[in-house]
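Below is one structure, written out as structure tokens; the observations come after it.
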Amino acid sequence: MTQQGPSLTSATVPVTGELSLLVNGVSFTRFLEYEYTEDYLSPSDTWEFTIAEKELSTEDAAALQPGSTVQLVLNGSVQSTGILDEPVSDVDRSSGTVVRVAGRDWFSVAVDAQVDPQLRFRPSMTVVDLLNTLFGPLGVTVLAEDNILNQNVITGSPRGTPSTKKGKPLKSFLLHQEKPYPNEGTYHFASRICQRFGVWIRPAGTPGTLVVAKPDFEQQPRYGLQHVYSAGSTGNNVERGHFARSRKEQPSIIYASGFGAGGDFAKSSLRSGIVNPVVNADNSAVINAYPSVRLVTIPAVTAAFSPFVEGNPRPAFLYDSESHTQEQLDNYVLRELALRMRKALSARYEIMGHMLGGSNICVDTIVNVNDQRKTVQWQGPLWVLGRKFSKSAKDGTRTVMDLILPGALQF
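Heads up: the sequence shown at position 64 corresponds to 69 in our numbering, and the numbers run straight through without jumps.
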């Protein structure tokens with residue numbers, strides 16, 4: 006990635022284990038509190054920093070203006086580059102004046118913008134053509150087809166080099182007939198189209214680079230979380246933990262039909278199906294009723310998860326008006342099942358600091374979790390869906406990690 010905006014040096018931003026801000030080249034390192042949130046499924050990171058006004062020089066105050074370029078830095082590594090949305094000044098006679106600085110990452114301009122109604126997308130165009138047309142005017146210059154380089158920048162501990170991932174390259178995806186809905190946002194239109202081809206779009210930490218890829222569930226674990234009771238155990242690092250399993254909204258099998266395919270599911274010529282691996286049920290009667298329907302496979306759930314045992318099948322029959330090809334319908338059933346699988350297991354853990362195992366915590370990574378609470382008994386990998394860095398006078402620096410089953414997110 007090409008570094009854009011102000012350059013970072015150890016003299017500019019000290020390595021402290023806490024987040025720092027670089028606003029139009031001016032460094033800020035002393036905060037009353039802060040909160041930075043990144044979720045894999047959200048198009049923009051959000052952040053808010055609270056600063057005592059007495060800490061600000063005239064130069065500092067002048068930099069804190071709406072529209073200023075902001076870099077969030079942790080241990081010398083850029084976590085996010087964004088735009089200052091609003092500085093808010095609050096005064097209290099007993100505690101003095103504080104300034105709350107809030108903003109979002111650089112891709113927020115695409116979330117705020119709407120598609121130009123004069124744009125036309127020909128059926129022969131590719132997804133790459135569409136993304137360049139939509140986001141080129143908004144500053145996107147690089148379309149990355151994996152997240153490895155971005156992860157290396159954010160974590161500060163390189164684990165791999167960019168490589169061609171399995172599957173078709175973006176330039177092979179033809180649009181067919183696509184057009185935005187009235188009043189549809191630029192990001193939402195592009196995201197809707199990309200999901201039909203099984204990929205998700207997210208901004209990299211460096212402005213101008215857009216990651217267009219699938220989540221990486223095959224990577225090796227980068228971190229470890231532990232909460233065990235055994236006497237003399239070492240390595241426990243969980244401050245708070247939430248762990249839930251749920252069989253609700255878990256169909257044992259999903260069948261779907263696509264656009265213009267001949268009416269209801271039984272008569273449709275465009276059909277697809279998928280079996281839910283988190284449910285152990287006998288689906289043979291449903292499958293035998295539709296022997297010609299092709300069943301899609303989803304990545305196997307980690308062996309640490311015990312499927313819910315069901316006495317009877319729980320089929321779901323869906324319809325997608327935007328699936329025009331078999332590939333698009335297959336991606337649709339994958340996505341619909343994954344949305345439900347995410348609810349089968351959800352976990353949230355809070356730790357001290359913003360690092361684990363010498364690496365800054367990053368989304369789209371794998372963490373090994375060893376949680377031996379009697380009602381949990383989990384020892385295996387989970388995938389990092391979201392991270393929230395915070396600092397306060399009461400709790401110090403903390404990180405909350407939202408985790409899901411590897412494989413339970415498909416597009």
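Cβ coordinates follow ideal geometry from the N, Cα and C atoms, glycine included. No experiment lies behind these values; they were computed from the predicted model shown.
Cβ-Cβ distance between residue i and residue j below 8 Å
i           : j           : result
residue 3   : residue 64  : It is not possible to answer for residue 3, since the shown part of the chain is limited to 6 through 416.
residue 317 : residue 294 : no
residue 90  : residue 109 : yes
residue 56  : residue 37  : yes
residue 347 : residue 414 : yes
residue 259 : residue 341 : yes
residue 141 : residue 212 : no
residue 209 : residue 155 : yes
residue 264 : residue 328 : yes
residue 248 : residue 381 : yes
residue 43  : residue 392 : yes
First through last residue of the beta strand (DSSP E) which encompasses residue i
i           : result
residue 326 : Element bounds for residue 326: n/a, residue is neither H nor E.
residue 200 : Careful: residue 200 lies outside any beta strand (DSSP E), inside the alpha helix (DSSP H) at 191-201.
residue 94  : 82-97
residue 40  : 38-44
residue 218 : 214-218
residue 381 : Run containing residue 381: none; DSSP gives neither H nor E here.
residue 24  : 24-28
residue 149 : 147-149
residue 400 : Where residue 400 is concerned, there is no enclosing beta strand (DSSP E), given that its DSSP letter is neither H nor E.
residue 208 : 205-208
Residue(s) in a DSSP beta bridge with residue i
i           : result
residue 50  : According to DSSP, which records beta bridges pairwise, residue 50 is partnered with nothing at all.
residue 259 : 279, 321
residue 74  : 88
residue 142 : Note: residue 142 sits in no beta bridge, so no partner.
residue 340 : Note: residue 340 sits in no beta bridge, so no partner.
residue 102 : 96
residue 392 : 43, 406
residue 249 : 351
Inter-residue Cα distance where the pair is residue i and residue j
i           : j           : result
residue 32  : residue 157 : 23 Å
residue 69  : residue 34  : 14 Å
residue 226 : residue 408 : 13 Å
residue 332 : residue 48  : 25 Å
residue 367 : residue 222 : 14 Å
residue 253 : residue 349 : 8 Å
residue 71  : residue 86  : 15 Å
residue 189 : residue 50  : 21 Å
residue 169 : residue 45  : Any reading at residue 169 needs caution, since the residue's pLDDT is 47, under 50, leaving its predicted position unreliable; the model's value is listed next. Cα-Cα distance, rounded: 21 Å.
residue 278 : residue 261 : 6 Å
residue 319 : residue 200 : 26 Å
residue 129 : residue 330 : 15 Å
residue 235 : residue 243 : 15 Å
residue 304 : residue 96  : 54 Å
residue 132 : residue 358 : 40 Å
residue 411 : residue 53  : 30 Å
residue 298 : residue 251 : 29 Å
residue 302 : residue 334 : 13 Å
residue 308 : residue 101 : 55 Å
residue 75  : residue 160 : 19 Å
Extent of the continuous alpha helix (DSSP H) to which residue i belongs
i           : result
residue 359 : That residue, residue 359, is in no alpha helix (DSSP H); it is neither H nor E in DSSP.
residue 153 : 153-160
residue 113 : 113-117
residue 63  : 63-68
residue 294 : 289-294
Segment contact flag, the region 181-197 with the region 119-137, C-beta cutoff 8 Å, min 3 pairs
yes
Check whether the region 387-402 and the region 203-211 are in contact - that is, three or more C-beta pairs closer than 8 Å.
no
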